[in-house]
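Residue numbers (the UniProt record's numbering): 1 to 292.
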C-alpha cells in the first residue's frame, strides 16, 4: 500500500520571522528544524546540491527571504534554499552571500544605488554556476539628499588648479534621468553636488532643472572635484581641483552613452559573481561590459 504524499501548506513554507541580534524579521520558511534543513537539499559551499522530492514537489509554496542590508545574513538561512531573496533597502554593491542563498533558477530582487540617478531595481536570476544576472527594471527617482562633501566646500574657496570650457550643458544633463543613469553606471566611483549663491543643495534634486543660471554642478571623489557653470553668455566654464581631471571623465562617459544611442536604464543589466560586480549594455555577452 502506498503512503500518501505529504501536504505542504502555506503556513509551513511561506515567509516566517527569523530572530536576529536586533530582533525578529521576516524571511525564512516555518516548520523547519536542523533535521529538515539537512533533508532540504541545500547547496554546499563548494556549489553542489541535491534535489530530493521534498524540494521539487509542485505542492511546495515558494520560499522567500526578505533581507536587510544593514544586518548580517541570518545564521539559520540555508545556502541555495530560497526561491527568491528580496533586499529591502538599496545598496551600492550586492553581497555575494545573498546570491548563495538562492537556488539555481531562483531570483534576487535588489535596488542598486546609482550615485547620479538614484536607486534602480534589478531582477537577477541565479545560475547553476553561482552567478546572478539580469536587467534593471524600475527607477525610483532622484537620489536621496546628501551632505556636501568637504572636498567641494574647500574647492569653492580655493583657486582652481585648471580652467577650461565644455560643450556640455550641465543643466541639460542634470534634467535628463537617462543621462544621469549613464553617468552613474560608467562612473560609479564619483558623486555629485549642486551649489549656488548662498546655498548648498548637495544631491537634492537630480532630474529637475535648477532655478537659476548661476547654479554650479560638481562631480567629486575623495581627493578631486570639478564644477561646471553656465555663464550668461551661454559659455560653460569648468574649474577642476585636485590631481584628477574629473570633468574629462564626465565628458568621456557621456560621449560613450551618446554613441550607444542614449540608452535608458532598461537596456542595462547587472551581474554579480564571486569575483566582482559588473554592468553591461544590451546583453552580458555583448562585449559592452565593465566592472562596477
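Virtual Cβ for every residue (Gly too), placed ideally from N, Cα, C.
Burial state of residue i, where buried means 16 or more other Cβ atoms lie within 10 Å
i, result
"residue 252", "exposed"
"residue 290", "exposed"
"residue 163", "exposed"
"residue 186", "buried"
"residue 259", "exposed"
"residue 115", "buried"
"residue 265", "buried"
"residue 283", "exposed"
"residue 71", "exposed"
"residue 152", "buried"
"residue 231", "exposed"
"residue 81", "buried"
"residue 137", "exposed"
Three-state class that DSSP yields for residue i in the structure shown
i, result
"residue 98", "helix"
"residue 86", "strand"
"residue 121", "strand"
"residue 290", "strand"
"residue 111", "strand"
"residue 299", "Outside the displayed range of the chain (1 to 292) lies residue 299, so it cannot be described from this structure."
"residue 170", "helix"
"residue 279", "strand"
"residue 73", "coil"
"residue 285", "coil"
N-terminal and C-terminal residue of the beta strand (DSSP E) that residue i is part of
i, result
"residue 270", "268-273"
"residue 192", "191-196"
"residue 137", "132-139"
"residue 219", "216-220"
"residue 65", "64-67"
Distance between beta carbons of residue j and residue i, contact taken as under 8 Å
i, j, result
"residue 84", "residue 110", "Not really, about 11 Å apart at Cβ, beyond 8 Å."
"residue 236", "residue 228", "6 Å"
"residue 117", "residue 135", "With a Cβ gap of about 15 Å, residue 117 and residue 135 do not count as contacting."
"residue 131", "residue 286", "About 16 Å; that fails the 8 Å criterion."
"residue 99", "residue 86", "Actually they do not touch by this definition, with Cβ atoms about 13 Å apart."
"residue 221", "residue 190", "6 Å"
"residue 182", "residue 254", "7 Å"
"residue 158", "residue 217", "Going by Cβ atoms, the distance from residue 158 to residue 217 rounds to 18 Å, so no, they are not a contact pair."
"residue 89", "residue 69", "5 Å"
Residue range of the alpha helix (DSSP H) that includes residue i
i, result
"residue 180", "177-186"
"residue 159", "Residue 159 -> no alpha helix (DSSP H), and no H or E assigned at all."
ask   = Which ranges does the beta strand (DSSP E) cover as unbroken runs of at least 3 residues, wholly within the segment 229-255, from first to last along the chain?
value = 236-241
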